[in-house]
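Chains as they are written, first to last, in our numbering: chain A, -16 to 327; chain B, -16 to 327.
All residues carry an ideal CB built from backbone N, CA and C; glycine is no exception.
Before any comments, here is the structure.
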């Protein structure tokens, strides 16, 4: 049994989702995994901050912010520290990074990750920014400090992807990855198959909360692109940036194209793909008309999936949720358990 | 870096496949995982045996049996020991059990597993017999002896299944599993969709080596049944035997039934399913006409797949090979690496 002191940087949707999972699973995780966790600091850009080495009651913290209050009103502890001040002052073993990120600069998440790693803390994050932009540098820093830097939730939320390659496929060589890496566009393509036009489907996706008011990150393929970069660098050992990879979204897909593909026994999917050929990376994000017997062709709605091409096992595919509050919260728990198992 | 002394009980298709993988991956496994392996004993019912604490050259052993020779002709070491004698005399840390098994009695594999566990050896096996019939007893024995008892290859060969639940889904509660757990029957159903009759498809499957001359284990659902028992007991914590579960194969499926299902947007699959409802297990093997948007409906040919229903992630599906020499060999490597990581 080991109890991990943990600092949460960011206490929005995913942070609160994680806190709820930790509360619900506390006893079971202690009994089954010998895993204990004590949150000793929370700092959120909007919701205030509290640093309390004796431990923060997560139930109290959630209740506080759900009622529209601030963590600055938490009874006891040091208040008003920003993310970097919190990381500097905390005695936590692990920093969980769930703050916002500008996908162009990777900030402020990257600075948080660097500060924590430099201090010798393990880091788990769901932020694509730092990983898509600075993975080799951050991995080297973690290695130098002999700590773990994990980011399971950056690809398919809690659906096992990076851990799947690292643990389950260890011993195999992965030569290519191809996946449906964006739930919003997969939902839209699935609806368009039923005959709806692009604009109508987009409006519906926005109404359901799947797509943002400015939907570019999804429909132009940028979200999938960041994930292809992460997979290229982490799984295939490349060293590419988002600008190195060609990216085309679904904005030009028409009902006619979908009908024509269907007549040929095919189905359009937005596919993120990366492949090593003679040591050279070939990667792209683009709509592809897949034959119906491709395992990815049958993945409908907001579900995500990824196929790994391996030397010993041939293709292996994982299908599951690619987003969601609880699902992304679980990805952090998976990283925490990985740190626990590797280091306890 | 740790070098594991290992005894191979059984050196047929899977044993030789494993040996080839170990030879090919030796350097990489040392560098990446700090994992070394030295085979110090091999005993095969048909191919003879050699016990050599200084180590057996796997290349020599493979060449010997591929030329029709016997392990008794291996230069050096003790010869002529049967499986149980080998287990008794070896100083190996791990016993890999790949002998044959009578699915009714679980023998002789179960006796091999018990003898090795009692001696304090870790055990990795691909044999369904001992696991389907005696899992609770063997797990208790392994626990008492503080060793690992692993059997990844018993469900979908090397496609991560049991390790997926144990490692990747740790923290989730799995309430149900449903899968395509037999490649032969899935191949046959896929071919029947193209219009072939049952008998013709069976003859073709036999010609291709997918189905045995006596195809009952596949077509009557017994192979899938053994896997449902393993999943019920290992994943859902039940304690059932094959006789406790209703089992219907594909022998009564006709082209007409398949056509009728297709007209309704459905597709027949032989589904092994186990579910916990109010603490009670409900399990079966039977043909099910799945709606086409079910992730299992799109799995064609000899491919296998399994969907786990979880509390935090909803359904998560893994799709991959369910059989094969190299694929099953890889399942043993996965178990060996798990032992290495847990105990090194």
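Residues that residue 328 (chain A) bridges to, as DSSP identifies them: Lying before the first or after the last residue shown, residue 328 (chain A) is absent from chain A, which here runs from -16 to 327.
Here's the rule: buried if 16 or more other CB atoms are within 10 angstroms of the residue's CB, otherwise exposed. What is residue 277 (chain B)? Buried.
Where residue 311 (chain A) and residue 1 (chain A) are concerned, what is the direct C-alpha to C-alpha distance, given to the nearest angstrom? Roughly 8 Å between the two C-alpha positions.
What would DSSP say about residue 280 (chain B), mapped onto helix, strand or coil? If DSSP states are grouped into helix, strand and coil, residue 280 (chain B) belongs with coil.
Nearest candidate by alpha-carbon position, reference residue 284 (chain B), set B:8, B:4, B:164 and B:130: When only C-alpha atoms are compared, the closest one is B:164.
Among B:300, B:288, B:153 and B:62, which residue has its Cα nearest to the Cα of residue 287 (chain A)? Of the candidates B:300, B:288, B:153 and B:62, the one whose C-alpha sits nearest the C-alpha of residue 287 (chain A) is B:300.
Output the distance between the C-alpha atoms of residue 20 (chain A) and residue 314 (chain A), rounded to the nearest integer angstrom. Here the alpha carbon of residue 20 (chain A) sits roughly 16 Å from the alpha carbon of residue 314 (chain A).
Exposure of residue 127 (chain A), with buried meaning 16 or more beta-carbon neighbours within 10 Å: Around the beta carbon of residue 127 (chain A), fewer than 16 other beta carbons sit within 10 angstroms, so the residue counts as exposed.
To be precise: take each residue of the stretch 137 to 154 of chain B, compare its Cβ to all Cβ atoms of chain A, and keep it if any distance is under 9 Å. Which residues remain? Those would be 140, 141, 142, 143, 146, 147, 150, 151, 152, 153 and 154, in chain order.
What alpha helix (DSSP H) runs, 4 residues minimum, are completely inside the stretch -13 to 18 of chain A? DSSP runs (the alpha helix (DSSP H)) wholly in the stretch -13 to 18 of chain A: -4 to 16.
Step through the CB atoms of chain A and report whether any lies within less than 8 Å of the CB of residue 299 (chain B). Chain A contact via Cβ: present.
Determine whether the Cβ of residue 119 (chain B) lies closer than 8 Å to any Cβ atom of chain A. Answer no: the Cβ-Cβ gap between residue 119 (chain B) and chain A never drops below 8 Å.
The stretch 28 to 42 of chain A in contact with the stretch -8 to 0 of chain B per 3-pair CB rule at 8 Å: The stretch 28 to 42 of chain A vs the stretch -8 to 0 of chain B: no contact.
Is it the case that the Cβ atoms of residue 161 (chain B) and residue 215 (chain B) are separated by a distance below 8 Å? Not a contact, by the Cβ cut-off of 8 Å.
Amino acids of chain B, ordered along the chain, whose beta-carbon sits closer than 9 Å to that of residue 191 (chain A): The contacting residues do not exist; residue 191 (chain A) stays about 17 Å from chain B at best.
Along the beta strand (DSSP E) that carries residue 215 (chain B), what are the first and last residues, could you check? Secondary structure note for residue 215 (chain B): it is in no beta strand (DSSP E), and the uninterrupted alpha helix (DSSP H) holding it is 205 to 217.
Beta carbon proximity, residue 318 (chain B) to chain A, threshold 8 Å: At a cut-off of 8 Å between C-beta atoms, residue 318 (chain B) does not count as an interface residue with respect to chain A.
What three-state label does DSSP hand residue 255 (chain A) in the structure shown? In the three-state reduction of the DSSP assignment, residue 255 (chain A) falls in the strand class, which pools E and B.
Any beta carbon of chain B sitting closer than 8 Å to that of residue -12 (chain A)? No, because no Cβ of chain B sits closer than 8 Å to the Cβ of residue -12 (chain A).
Give the residues of chain B in contact with residue 8 (chain A), contact being defined as C-beta atoms less than 7 Å apart. Those are 154, listed as they occur along chain B.
List the residues of chain A that residue 281 (chain B) touches, going by C-beta distances under 7 Å, in chain order. Within 7 Å Cβ-Cβ: 278, 280 and 281.
Taking only beta-carbon atoms, is residue 304 (chain B) less than 8 Å away from chain A? So, interface residue.
According to DSSP, is residue 310 (chain A) part of a helix, a strand, or is it coil? Note: residue 310 (chain A) maps to helix in three-state DSSP.
Extent of the continuous beta strand (DSSP E) to which residue 160 (chain A) belongs: Per DSSP, residue 160 (chain A) belongs to the beta strand (DSSP E) from 157 to 163.
Let me see if you follow: with CB-CB separation under 8 Å, is residue 171 (chain A) close to chain B or not? Chain B, which has no Cβ nearer than 8 Å to the Cβ of residue 171 (chain A), makes this no.
Pairwise C-alpha distance: residue 133 (chain B) and residue 86 (chain B): Approximately 18 Å, taken between the alpha carbons.
Nearest to residue 229 (chain A) (by Cα), restricted to the options A:269, A:81, A:15 and A:94: In terms of CA proximity to residue 229 (chain A), A:269 leads the group A:269, A:81, A:15 and A:94.
Taking just the CA atoms, how far does residue 191 (chain A) sit from residue 150 (chain A)? Each residue's Cα considered, the two are about 36 Å apart.
From what residue to what residue does the beta strand (DSSP E) around residue 269 (chain B) run? Segment 263 to 274, the beta strand (DSSP E) holding residue 269 (chain B).
Can you find the residues in the same chain that come closer than 8 Å, C-beta to C-beta, to residue 319 (chain A), ignoring five residues on each side of it along the sequence? Taken in chain order, the residues that qualify are -13, -11, 18, 20, 77, 79 and 107.
Contacts around residue 374 (chain B), its chain only, beta-carbon distance under 8 Å, and the 5 residues preceding and following it disregarded: This structure gives no information on residue 374 (chain B), because the portion of chain B shown stretches from -16 to 327.
Considering only the beta carbon of each residue, do residue 64 (chain A) and residue 26 (chain A) sit closer than 8 Å? Yes, these two residues count as a Cβ contact at 8 Å.
In chain A, which residues lie less than 7 Å from residue 309 (chain B) when you measure between Cβ atoms? By Cβ distance, chain A contributes 295.
Whole angstroms are fine: how far does the CA of residue 98 (chain B) sit from the CA of residue 131 (chain A)? In this structure, the CA atom of residue 131 (chain A) is about 39 Å from the CA atom of residue 98 (chain B).
Cα-Cα separation, residue 58 (chain A) to residue 36 (chain A): About 13 Å.
List the residues of chain D that residue 12 (chain A) touches, going by C-beta distances under 8 Å, in chain order. Chain labels in this structure do not include chain D; the protein chains are A and B.
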